[in-house]
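Mapped onto my numbering, the consecutive letters of the sequence shown carry residue numbers -6 to 494.
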Amino acid sequence: MATIYEDQSEDDPALPEVENEKHWIEKVEVQKMSLQSILMMTCALGGIQVVWSTIFSNGTIYLGALGLPQALTALSWAMPAICGCFVQPLIGASSDVSTHSWGKRKPYIVVGAFGVTLSILSLAWAGAMGRFSAELFVATGQEEAAKTITMLFAVLSICFLSVSVQPLQCGLRALILDLCPGDQQVQAQYWAARLTGTGQILGSVAGLVSYPTPDLGGETHTFRILAIAAVIAVNSTVAITLLGIQEQQQPMNRHHESRRFFKGNILRYLGTTFTDCPPLMLRVFFIQSLAWMGWFAFLFYNTSFVNTLYLTTTDVPDGELSGYVASIVSLVFSCFSFGASILLPGFVKRCEQLFDDRILTKPSTQLQTSTLMTLWSASLALSSTLMFMTFATTNFDATVVLMAINGLSWAVTNWVPFALIGKLRAVEEQDGRFKSACHGSIIGLHNVAISAPQILAAGIAGIILWVAQIAGTPYGTGWVLRAGGIAYLAAASVAFTFRST
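Spelled out as structure tokens, the structure:
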């Protein structure tokens, strides 16, 4: 990978004027990557997905076993979105100007992996820490105090996990933009989606294994085992990425730029990156902001909804096998998603050939009519339909099928937006309209579009569950899913409009 540095002291508005000092921006000539290198670069995303699979399939049920009410659980799940909105853009921007000897992204990946390890283990042992703290500091009413402290530890662990995952995820996504040439962006992103799907399946399978249960709740013990598996998955895959991928080291003259950056220039830097984004990239951000209101509802509450149906339509005692059911749903969903991630790239390639390969070689203003955008719109419409179909399904097996089919749309979401952003970035840089130094900022801004609406979605979910609790219905999570269906429908409509513009 060859790097050329150009003087940008006069025309780069993101950098403040400093007398007698030049500013440099890198124009990176990225070399073609082998498949082995792509796999080593993207495998850690699969490790992250093992963590999210653990949280999504068992987290809500586990927090319920710790004593958290549904409304508080909903607000706790807003923390990843809040941190994604406010923390990741700052991390992405700061990594853009990093002069660390390891490279721009690797230090952030290491710190993130360490934080994720501590936080998920803390969450898994929140009950033990709560009981120990109550015995140590509380003289009377230890049982009630232990419950309160346990809930506090659980919420704080979720907050720490939400912060820690930001540098890890941002660093890994930025590596793909940094190291992959434009004609390999789609390939790299679909391998990232496939490895993400693999991680999701592994996390779900781990939840299905029957573990010897000591003298504590089944959900609590199962979650601890899954937490250990998630920690192993994250750290092993991160190690592969760190050891197998070589970053371009920043020149020493970037150190002065880095110091000025931290003296108040960060918001201006992000603002300049945002205004420099091509129109279609901003449209991708907008569609994501709508779609992820629906995905928040689905990812955090689909297993709870199915579990409620299971417990209310069978003779199984309350709470028995609930974690097992959640993992079954997650596994079937993951298998559908993984299968789609294998088949969809070939389908898109055939469509591109059918239309004379005119889709991603057009100017950026015409890329909105691509097959990828059409596929994205159709997948969001499918998700909306599936959520509304929960009105008509009260059968456990039928509901599992609905949740599983939504894995097709999840595969598209894990691939298409990132592929569009990567390809657009490459086209703009090739034409000299975009700077390769700001990939971390692009990932951060994209994550704002994903995360900010989830904060609203978490609030709406909390209100819906609160009303359902007052009304005495056990199916509040079903109404959360249907509200998400409205968001899916809005995103599909916008994507289709941009496709046909």
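Cβ coordinates follow ideal geometry from the N, Cα and C atoms, glycine included. Model, not experiment: these values are computed from the prediction.
Reference residue i; option with closest CA among the options
{"i": "W184", "options": "I453, A412, N258, L458", "result": "A412"}
{"i": "T215", "options": "Y317, L275, G123, S87", "result": "Y317"}
{"i": "A290", "options": "G196, F146, A485, I448", "result": "I448"}
{"i": "T406", "options": "V394, T386, S330", "result": "S330"}
{"i": "E192", "options": "F107, S327, D269", "result": "It should be noted that the sequence gives Gly, not Glu, for residue 192. Taking only the C-alpha atoms, the option nearest G192 is S327."}
{"i": "Q159", "options": "D176, S370, S88, A121", "result": "S88"}
{"i": "I436", "options": "Q24, G96, L275, V109", "result": "L275"}
{"i": "G77", "options": "G40, Y481, S282", "result": "S282"}
{"i": "L149", "options": "Q180, E137, G108, H432", "result": "G108"}
{"i": "I233", "options": "L337, P272, A106, Q81", "result": "A106"}
{"i": "L161", "options": "V80, A117, A138, R187", "result": "V80"}
{"i": "Y262", "options": "N228, C431, T490, V44", "result": "C431"}
{"i": "V394", "options": "L417, T296, V460", "result": "T296"}
{"i": "A230", "options": "L188, P271, N258", "result": "Checking the displayed sequence, the identity of residue 230 turns out to be Thr instead of Ala. The shortest C-alpha separation from T230 is found at L188."}
{"i": "N388", "options": "A333, V104, Y303, Q462", "result": "Y303"}
{"i": "S363", "options": "K25, W95, L273, A181", "result": "L273"}
{"i": "M26", "options": "S46, P82, P174", "result": "P174"}
{"i": "V90", "options": "E136, W70, N399, I259", "result": "I259"}
{"i": "G120", "options": "A139, L111, V104, A132", "result": "A139"}
{"i": "T367", "options": "T386, S115, M382, C344", "result": "C344"}
{"i": "Q462", "options": "Q63, I31, V44", "result": "Q63"}
Run of the alpha helix (DSSP H) containing residue i, from where it starts to where it stops
{"i": "F384", "result": "Segment: none, F384 is in no alpha helix (DSSP H) and carries neither H nor E."}
{"i": "A451", "result": "432 to 464"}
{"i": "C78", "result": "72 to 79"}
{"i": "K99", "result": "99 to 117"}
{"i": "D176", "result": "Per DSSP, D176 belongs to no alpha helix (DSSP H) and is neither H nor E."}
{"i": "V158", "result": "135 to 172"}
{"i": "I54", "result": "53 to 59"}
{"i": "C36", "result": "28 to 47"}
{"i": "V277", "result": "272 to 306"}
{"i": "Q63", "result": "63 to 69"}
{"i": "Y262", "result": "259 to 269"}
CA-to-CA distance, residue j to residue i, given in whole angstroms
{"i": "L476", "j": "L170", "result": "In the sequence under discussion, the amino acid at residue 476 is Ala, which differs from the Leu named in the question. Near 34 angstroms, if we compare the C-alpha coordinates of L170 and A476."}
{"i": "L235", "j": "F130", "result": "43 angstroms"}
{"i": "I142", "j": "P73", "result": "21 angstroms"}
{"i": "S157", "j": "G164", "result": "12 angstroms"}
{"i": "A58", "j": "T213", "result": "7 angstroms"}
{"i": "Q29", "j": "G237", "result": "9 angstroms"}
{"i": "M33", "j": "I102", "result": "14 angstroms"}
{"i": "A488", "j": "A442", "result": "15 angstroms"}
{"i": "I335", "j": "V341", "result": "11 angstroms"}
{"i": "C36", "j": "G134", "result": "48 angstroms"}
{"i": "T306", "j": "L373", "result": "30 angstroms"}
{"i": "T53", "j": "A147", "result": "11 angstroms"}
{"i": "G190", "j": "F267", "result": "30 angstroms"}
{"i": "R124", "j": "L379", "result": "42 angstroms"}
{"i": "A223", "j": "G196", "result": "7 angstroms"}
{"i": "L61", "j": "W472", "result": "20 angstroms"}
{"i": "A127", "j": "I113", "result": "21 angstroms"}
{"i": "F279", "j": "V198", "result": "34 angstroms"}
{"i": "S323", "j": "F293", "result": "11 angstroms"}
{"i": "N300", "j": "A391", "result": "13 angstroms"}
{"i": "S251", "j": "A167", "result": "Since pLDDT at S251 reaches only 49, below the 50 mark, its modelled position is unreliable, and the value read off the structure follows with that caveat. Taking the straight line joining both Cα atoms gives about 18 angstroms."}
{"i": "W285", "j": "H439", "result": "12 angstroms"}
{"i": "S377", "j": "I453", "result": "17 angstroms"}
{"i": "Q42", "j": "A220", "result": "12 angstroms"}
{"i": "S486", "j": "H93", "result": "44 angstroms"}
{"i": "M245", "j": "K99", "result": "Since pLDDT at M245 reaches only 48, below the 50 mark, its modelled position is unreliable, and no value is offered."}
{"i": "V277", "j": "A397", "result": "25 angstroms"}
{"i": "A498", "j": "L65", "result": "This structure does not reach residue 498, given that the chain is present from -6 up to 494, and the question cannot be answered."}
{"i": "I84", "j": "F153", "result": "15 angstroms"}
{"i": "W495", "j": "L172", "result": "The chain is shown only over -6 to 494; residue 495 falls outside these bounds and no answer can be derived."}
{"i": "P446", "j": "A67", "result": "14 angstroms"}
{"i": "Q178", "j": "I457", "result": "40 angstroms"}
{"i": "D176", "j": "K416", "result": "7 angstroms"}
{"i": "F491", "j": "A484", "result": "11 angstroms"}
{"i": "G433", "j": "A86", "result": "6 angstroms"}
{"i": "S46", "j": "M144", "result": "21 angstroms"}
Near the ligand ZN: residue i beta-carbon under 7 angstroms from a heavy atom
{"i": "L438", "result": "Although the ligand ZN was asked about, the structure shown includes no ligands whatsoever."}
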